[in-house]
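K.L.:
Per the UniProt record's numbering: the sequence shown = residues 1 to 312.
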Amino acid sequence: MLGSLQHTLKSFLLPTCTRYLCAGKVHTVNKSQQSYQYAIDRVKTYDYESYLIILLGAKKWRYPMFVLHAYNVELSLILELAADARTLAGRFAFWTDVLNGVYSDTPPYDHPVVQELTTLHKLNLINSQQSQNFLFNMLTSRKKVSQVTHFETLDQLERYSEHTKSSLLYLLLNMSGESSIDTDHVASHVGRCYGLITALRSTPYLASKNQLLLPQDLLSKHKVSQSDVLRMKNNVKEVVFEMASVAHVHLQKTQKLMEKLPKNTRQYFLLTAICNNQLELLRKCDFNLHDPLFLKKNPMLPWHLWRAKRKL
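(1) Tell me the rounded alpha-carbon separation between Ala308 and Asp84.
(2) Put Thr106 into one of helix, strand or coil per three-state DSSP.
(3) According to the Cβ coordinates, are Met232 and Leu295 closer than 8 Å?
(4) Taking the continuous alpha helix (DSSP H) assigned at His150, which residues delimit it?
(5) Tell me the residue span of the alpha helix (DSSP H) that contains Ile78.
(6) Which two residues bound the contiguous alpha helix (DSSP H) that contains Met243?
(7) So, is Gly24 buried or exposed, given that buried needs 16 or more other C-beta atoms within 10 angstroms?
(8) Could you give the distance in angstroms between the alpha-carbon of Met138 and the alpha-carbon of Glu162?
(9) Reducing DSSP to helix, strand and coil, say where Pro292 ends up.
(10) Hey, Arg142 and Ile78: beta-carbon distance below 8 Å or not?
(11) Please classify Ala249: is it buried, with 16 or more other beta-carbons within 10 angstroms of its beta-carbon, or exposed?
(12) So, for Gln278: in the same chain, excluding its five sequence neighbours on each side, which residues have a beta-carbon less than 6 Å away from its beta-carbon?
(13) Report the option in Asp291, Ala273, Arg283 and Leu301 whose CA atom is closest to the CA atom of residue 313.
(14) Buried or exposed: where does Ala89 fall if 16 or more other Cβ atoms within 10 Å of its Cβ makes it buried?
(15) Could you tell me if Lys209 is buried or exposed, where buried requires 16 or more neighbouring beta carbons within 10 angstroms of its beta carbon?
(16) For Ser225, name the three-state secondary structure that DSSP assigns.
(17) Assign Lys309 to one of three DSSP states: helix, strand, or coil.
(18) My assumption, with CB atoms under 8 Å, is that Val246 sits in contact with Leu154. Please give the rounded CB distance.
(19) Skipping 5 residues on each side, what residues in its chain have a beta carbon closer than 7 Å to that of Ser167?
(20) Less than 8 Å between the C-beta atoms of Val186 and Leu257, yes or no?
(21) Please classify Ile126 as buried or exposed, where buried requires at least 16 neighbouring CB atoms within 10 angstroms.
(22) So, are the CB atoms of Leu219 and Val239 less than 8 Å apart?
(23) For Pro112 versus Tyr38, is the C-beta spacing smaller than 8 Å?
(24) Only counting the same chain, and skipping five residues up and downstream in sequence, which positions put a Cβ closer than 6 Å to that of Phe151?
(25) Whole angstroms are fine: how far does the CA of Gln115 sit from the CA of Asp286?
(26) Exposed or buried, what is Glu49 when buried is set at 16 or more other beta-carbons lying within 10 Å of its beta-carbon?
(27) Nearest-angstrom Cα distance between Leu251 and Lys221?
(28) Does the distance from the C-beta atom of Val73 to that of Val43 stay below 8 Å?
See below:
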């Protein structure tokens with residue numbers, strides 16, 4: 001059954017073109033381009049959860065969402081791949097030039113994601129001032145984080161989560177014409193919830209590299225050091241529990257707000273299924289970030305997301 005579902009998901013990528021109405025004319029996007037395949041592969045490799053969610057989403061928005069998530073992947077890799085401060089600054093300058101070039105119709109680099117962002121711009125899919133702001137926020141928020149060693153407060157981490165993950169939802173809502181006070185409110189809570197969960201999931205790996213995303217105010221409150229986090233000693237579980245509790249509040253607010261939305265709009269927030277699954281898993285692991293069950297990849301994820309979509 002799972003193999004059949006995975007085959008079905010892959011088949012969603014087979015159509016070679018998508019049509020969009022732009023300036024009163026129908027434009028066809030050829031999706032067999034190498035640059036588009038590059039975008040898909042980047043998302044599949046570095047953000048598999050989003051890869052599945054996009055495949056299960058509306059066909060019309062599959063192309064732009066793969067491109068935008070590929071852009072997000074490229075930004076997320078800046079900190080990981082930069083060997084020194086000079087390289088880091090160069091990578092941020094590169095993507096700043098890219099966005100400025102895309103919006104001035106003079107893209108400066110022949111990079112696959114740049115090519116596809118340029119196409120989205122030509123199709124008028126990311127041309128609103130709001131969309132521009134979201135794309136720049138995704139970049140500038142990461143640049144600010146690169147200049148500090150940690151988040152000072154939980155609120156700081158939540159705002160960062162909104163500028164990165166929520167921005168992708170805001171972009172989709174803008175493109176689809178579904179943006180409203182209610183949907184934007186949902187997107188804000190979903191992004192913050194997922195951001196907190198991502199910070200927790202990445203903690204074992206980052207701690208081994210002497211890096212932390214856990215906010216300093218919570219570490220100080222519970223008298224936890226970086227070495228404590230690496231070994232899950234002392235009050236680390238208290239920090240994890242508090243962050244998970246805040247994430248759960250965001251999830252509860254999201255679920256309540258989604259009840260007001262029509263079914264076709266609720267499909268944009270399938271990410272809530274990931275959030276719910278991860279928080280429940282964390283509870284089963286007694287908030288131990290090093291528990292093998294919590295760290296293990298879920299082979300049934302495609303099936304779980306498919307079922308969750310049917311229940312939206």
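Idealized CB from N, CA, C, for every residue including glycine. Quantities reported herein were computed from a predicted structural model and do not represent experimental measurements.
P.N.:
Answer, in terms of the structure:
(1) 42 Å
(2) coil
(3) no
(4) Note, His150: premise wrong, no alpha helix (DSSP H); not H, not E.
(5) Arg62 to Leu81
(6) Val236 to Met258
(7) Since pLDDT at Gly24 reaches only 44, below the 50 mark, its modelled position is unreliable, and the value read off the structure follows with that caveat. Flag for Gly24 reads exposed.
(8) 9 Å
(9) helix
(10) yes
(11) Per the sequence presented here, residue 249 reads as Val, with Ala not at that position. Under this definition Val249 is an exposed residue.
(12) Ile197
(13) What the structure shows of the chain is the stretch from 1 to 312, and residue 313 is not part of that stretch, so it cannot be assessed.
(14) exposed
(15) exposed
(16) coil
(17) helix
(18) 7 Å
(19) Phe134, Asn137 and Met138
(20) yes
(21) buried
(22) yes
(23) yes
(24) Leu157 and Pro215
(25) 46 Å
(26) buried
(27) 24 Å
(28) yes
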